[in-house]
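Enquirer: Following the UniProt record's numbering, the numbering of the sequence shown begins with 1 at its first residue and continues without gaps.
Supplied in structure tokens, the structure appears directly below.
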Amino acid sequence: MLAPLSWLKEFVKVSVSAEKLAENLLLSGTKVEQIRRVGKEIVFDLEITPNRPDTLGIYGIAREIATVQGSDLLPLDTDLLIPTGRLESAPALKITDKKLCPSYTLGLLRSVRVKPSPTYLAERLKLVGIRPVNNVVDITNYVMWETGQPLHAFDFDKIEGELTLRASKEGEQVRTLDGISRKLSSGSIIIEDSRKLIDLAGLMGGENSEIDEGTQNILLHVPIYDPIAIRRTSQQTGLRTESSNRFEKKLDRAGHITAFERATKLITEIAGGRVSSETKSISAPTKKSLIFDLGILKEVLGIEVKLNQVVNILSSLGFQVSLDPFQENQLRVGVPSWRGDIEGAIDLTEEIGRIYGYNRFPKTLPKGAVPVQKELYNFDWEKFIVQVFREGGFNQTMTHTLLSKKTLERASLEPSQTLKVANPMTEDFEFLRPSLYPELLVAISRNRGKDKIISFFEIGRVFEKEVSQPKIVSFVSTKPFSQVKGVLEKVVKRIDPNLKFEKVEETTTGIERYSFDKGKLQLAELSLVNPTILKNFEINQTVSAGSIFLEKLSDLQPNYLYQPLPKFPPVIEDLSMFVASDLPARKILDIAWEGTAVSEAEVFDIFREGNQKSVAVKITFQAKDRTLTDKEVAVFRAKIERNLEKKLLAKIRKA
């Protein structure tokens with residue numbers, strides 16, 4: 001939101017520098033992103049939060065400045081001299097659904113003279129990034145920027161018959177002021193006359209009713225639209241304007257009246273028009289009253305604010321404040337129509353706190369014992385699982401949470417048993433995923449190749465018809481089943497080395513299914529994917545698939561064993577050998593770990609050649625009570641080599 005300082009000064013006296021004013025606004029909750037200097041003008045670039053559409057106008061920002069400074073806020077000049085004599089009736093506007101437009105003001109002005117805008121008005125529009133067009137259009141933009149309320153002027157002589165405001169039908173088209181013919185989905189708000197669409201309401205007017213040099217009579221319309229409908233239309237059409245940005249939020253339900261009066265006054269002064277019709281205005285209920293107990297300030301903010309300060313702060317923000325005659329320390333607070341974000345006493349507390357100044361709160365240390373942070377086992381498990389699977393040759397991926405009906409059926413999952421999105425953007429994103437497997441199998445299919453080893457894993461939530469949304473780890477791989485099982489064992493056996501890998505009943509997603517259980521708690525599962533499912537995904541390799549139920553693991557404390565830091569130096573030996581190409585590296589490491597004084601063993605190189613592979617292992621020898629000699633290490637190494645040759649038929653490569 002761009003706000004020229006000279007424009008703000010029309011409504012509030014500013015006696016500090018621009019930098020100091022920006023600091024004061026920041027301390028009260030309105031951030032100034034940048035102070036621009038354009039010639040002699042100073043322009044504030046403000047960050048406006050979505051809950052404060054009242055500050056999407058110069059007057060709303062001026063109100064904040066007046067409150068922060070404790071100065072007076074000057075009123076908007078809306079005084080208008082209505083001509084004497086009989087006025088014609090305001091044009092009728094039929095609204096098919098009041099939810100689409102709960103409030104509006106409508107009036108007719110005749111005998112306007114369309115010409116370029118006065119210099120001051122055109123220059124102000126340029127400062128806030130709006131291109132001047134002509135005096136009538138510029139006034140509507142000027143008033144929108146001043147009040148935060150969008151409005152639109154139609155060339156009344158281009159309107160044929162009665163006006164209707166309704167929801168669009170699928171496929172209807174409207175040609176907007178930018179010359180683009182836009183095809184609409186159902187549910188957009190449009191205005192039509194008896195022959196054509198004349199307005200894509202809330203976003204941009206129609207080209208067939210625009211104000212041009214020949215316009216003499218204008219219909220001024222200041223509406224409040226349904227913010228959800230405006231937001232949806234903006235996304236569907238890819239059209240986002242200053243008007244739609246405001247209509248998407250909770251605008252002042254009474255602000256349309258002020259904006260209409262202000263625009264009418266400027267049009268009669270600048271464009272020479274006259275009010276020729278009665279003003280038709282419909283407003284939704286806006287009054288809201290709250291009971292505010294002053295004790296909440298001490299309870300929530302930790303400070304005591306004097307009664308007169310509370311009254312002054314709230315009054316300067318536009319609230320109507322009075323003492324409750326029946327309850328001590330209680331106020332009756334009338335919420336202004338432009339503050340739709342105020343719902344209860346806690347919101348009033350925030351208003352008082354930010355204007356009083358958070359920087360004025362006394363610095364105090366918290367009382368009582370520092371709370372003990374519960375171990376984040378869930379987070380620890382995720383880090384550990386990512387590490388294990390990456391070391392096991394798996395690639396982590398993130399897939400869509402939304403699936404198509406076709407993908408579900410390819411994975412033998414029943415769409416009728418799956419949560420369906422109420423308003424899906426496309427058929428490809430129609431269902432919430434009940435499993436991570438379908439998209440992981442899609443990933444395998446897209447990366448497939450003859451004899452290509454592909455392994456993926458994903459951590460994410462799945463969606464069931466029950467309330468729960470469990471977080472799981474799922475993985476798929478074309479590696480041999482035994483290798484995938486070894487990776488899974490490394491994860492689950494962190495809980496208990498004695499956990500058994502048990503075969504359970506056949507399922508629709510796999511020929512065989514195995515389970516890791518601790519008591520009655522299933523921690524993980526692993527299966528071979530059914531060939532029919534693989535065929536559906538055009539995968540011609542054997543695929544293993546499994547899941548780890550992360551939230552069940554998080555309930556169990558990892559089996560950490562404390563080991564003191566070693567006092568004596570390690571001796572590192574590299575051992576290289578030839579083994580059968582299908583021999584899992586885990587078996588080599590298991591024999592290495594059986595060796596005397598071995599503190600670490602890891603594979604650091606594998607080279608395949610024909611039906612053999614060369615495997616290089618780094619073995620660390622380290623005693624807890626002494627420094628090992630070279631002779632001792634040679635004996636330990638020789639024993640490991642003999643076991644490898646005997647048990648795995650390994651051929652040790654000599655240096």
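A virtual CB, placed ideally from N, CA and C, is assigned to each residue, including glycine.
Do Val174 and Ala153 count as a contact pair if the criterion is CB distance below 7 Å?
Expert: No; because the gap between Cβ atoms is not below 7 Å, this pair is not in contact.
Enquirer: Which ranges would you report for the alpha helix (DSSP H) in the region 55–121 if only whole runs of at least 4 residues count?
Expert: As far as the region 55–121 is concerned, its whole alpha helix (DSSP H) runs of at least 4 residues are 58–69.
Enquirer: Measuring CA to CA, which of Ile342, Thr164, Ser315 and Ile385 is closest to Arg494?
Expert: Taking only the C-alpha atoms, the option nearest Arg494 is Ile385.
Enquirer: Tell me the rounded alpha-carbon separation between Leu127 and Ser194.
Expert: Going by the C-alpha atoms only, they are around 39 Å apart.
Enquirer: Assuming Asp347 is part of the alpha helix (DSSP H), what are its boundary residues?
Expert: First-last of the alpha helix (DSSP H) with Asp347: Ala345 to Tyr356.
Enquirer: Rounded to a whole number of angstroms, what is the C-alpha to C-alpha distance between Gln69 and Ile296?
Expert: Roughly 25 Å separates the two Cα atoms.
Enquirer: Once DSSP output is grouped into helix, strand and coil, what is the label at His152?
Expert: Strand.
Enquirer: Kindly indicate which three-state DSSP category Gly510 falls into: helix, strand or coil?
Expert: For Gly510, the predicted model reports a pLDDT of 45, less than 50, meaning its position is unreliable and no value from the coordinates is stated.
Enquirer: Excluding the 5 residues flanking Ala597 on each side, which residues of the same chain have their C-beta closer than 7 Å to its C-beta?
Expert: Hits under 7 Å: Phe621, Gln622, Ala623, Leu628 and Phe636.
Enquirer: Which of the three DSSP states is assigned to Asp252 in this structure?
Expert: Three-state result, Asp252: coil.
Enquirer: Look at the alpha carbon of Thr96 and the alpha carbon of Thr164, and state the distance between them as a whole number of angstroms.
Expert: For Thr96 and Thr164, the distance between alpha carbons rounds to 7 Å.
Enquirer: DSSP has Asp199 in a bridge; who is on the other side?
Expert: Answer by DSSP bridge pairing, in chain order: Ile191 and Gly205.
Enquirer: Return the residue from the list Ala229, Lys552 and Gly353 that minimises the CA-CA distance to Val310.
Expert: Selected option, being the one with the closest Cα: Gly353.
Enquirer: Considering only residues of the region 212–270, which uninterrupted beta strand (DSSP E) runs meet the minimum length of 3 residues and lie entirely inside it, listed in chain order?
Expert: DSSP runs (the beta strand (DSSP E)) wholly in the region 212–270: 218–224.
Enquirer: Under a three-way DSSP split, which group does Asp590 fall into?
Expert: Note: Asp590 maps to helix in three-state DSSP.
Enquirer: Can you tell me which of the three DSSP states Leu26 falls into?
Expert: In this structure, Leu26 counts as helix in the three-state DSSP scheme.
Enquirer: From which residue to which residue does the alpha helix (DSSP H) around Gly295 run?
Expert: Looking at the DSSP string, the run of the alpha helix (DSSP H) that includes Gly295 is Gly295 to Leu301.
Enquirer: How do the region 272–282 and the region 106–122 stand: do at least 3 beta-carbon pairs fall below 8 Å, yes or no?
Expert: Yes: at least three Cβ pairs fall under 8 Å.
Enquirer: So who's on the other strand from Ile606, going by DSSP bridges?
Expert: Partner(s): Val615.
Enquirer: What span of residues does the alpha helix (DSSP H) with Ile533 cover, start to end?
Expert: Per DSSP, Ile533 belongs to the alpha helix (DSSP H) from Pro531 to Asn536.
Enquirer: Please classify Leu307 as buried or exposed, where buried requires at least 16 neighbouring CB atoms within 10 angstroms.
Expert: Burial call: exposed.
Enquirer: Just how far apart, CA to CA, sit Glu207 and Glu466?
Expert: For Glu207 and Glu466, the distance between alpha carbons rounds to 51 Å.
Enquirer: Helix, strand or coil for Ser416, going by three-state DSSP, please let me know.
Expert: Of the three classes helix, strand and coil, the one that applies to Ser416 here is helix, per DSSP.
Enquirer: Assuming Arg246 and Gly148 are in contact, meaning their beta carbons sit under 8 Å apart, how far apart are those beta carbons, in whole angstroms?
Expert: Confirmed, Cβ separation roughly 6 Å.
Enquirer: If distances are taken between C-alpha atoms only, which option among Gly205, Arg166, Gly187 and Glu160 comes closest to Ser181?
Expert: Nearest C-alpha to Ser181: Gly205.
Enquirer: Is the region 413–431 close to the region 391–403, with three or more CB pairs under 8 Å?
Expert: Segments in contact, yes.
Enquirer: Please list, in chain order, all residues of the same chain as Ile267 whose beta carbon is under 7 Å from its beta carbon, the five residues on each side excluded.
Expert: Counting only Cβ-Cβ distances below 7 Å, and skipping sequence neighbours, we find Leu109, Val112, Val136, Ile139 and Gly273.
Enquirer: Please report the distance separating the alpha-carbon of Ile342 from that of Thr349.
Expert: About 10 Å.
Enquirer: Would you kindly work out how many angstroms separate the C-alpha atoms of Lys490 and Glu172, rounded to a whole number?
Expert: Lys490 and Glu172: Cα-Cα distance of roughly 60 Å.
Enquirer: Taking all protein chains shown into account, decide if Met144 is buried (16 or more other Cβ within 10 angstroms of its Cβ) or exposed.
Expert: By the 10 Å Cβ count, Met144 comes out buried.
Enquirer: If you measure between the beta carbons of Val484 and Ser477, is that distance less than 7 Å?
Expert: Closer than 7 Å, so yes.
Enquirer: Whole angstroms are fine: how far does the CA of Phe604 sit from the CA of Val487?
Expert: So the two alpha carbons sit approximately 17 Å from each other.
Enquirer: Give me the DSSP bridge partner(s) of Arg37.
Expert: Answer is Ile42, bridged to Arg37.
Enquirer: If I'm right that Lys158 touches Ser209 with Cβ under 8 Å, what's the distance once you round it to whole angstroms?
Expert: Correct: roughly 5 Å between the Cβ atoms.
Enquirer: Cutting at 7 Å between CB atoms, please list the residues of its own chain near Asp72, excluding the five before and the five after it.
Expert: Within the same chain, Asp72 has close Cβ partners Ala66.
Enquirer: Measuring from the CB of Gly107, is there a heavy atom of the ligand ZN at a distance below 6 Å?
Expert: As presented, the structure is devoid of all ligands, the ligand ZN included, so that no description of it is given.
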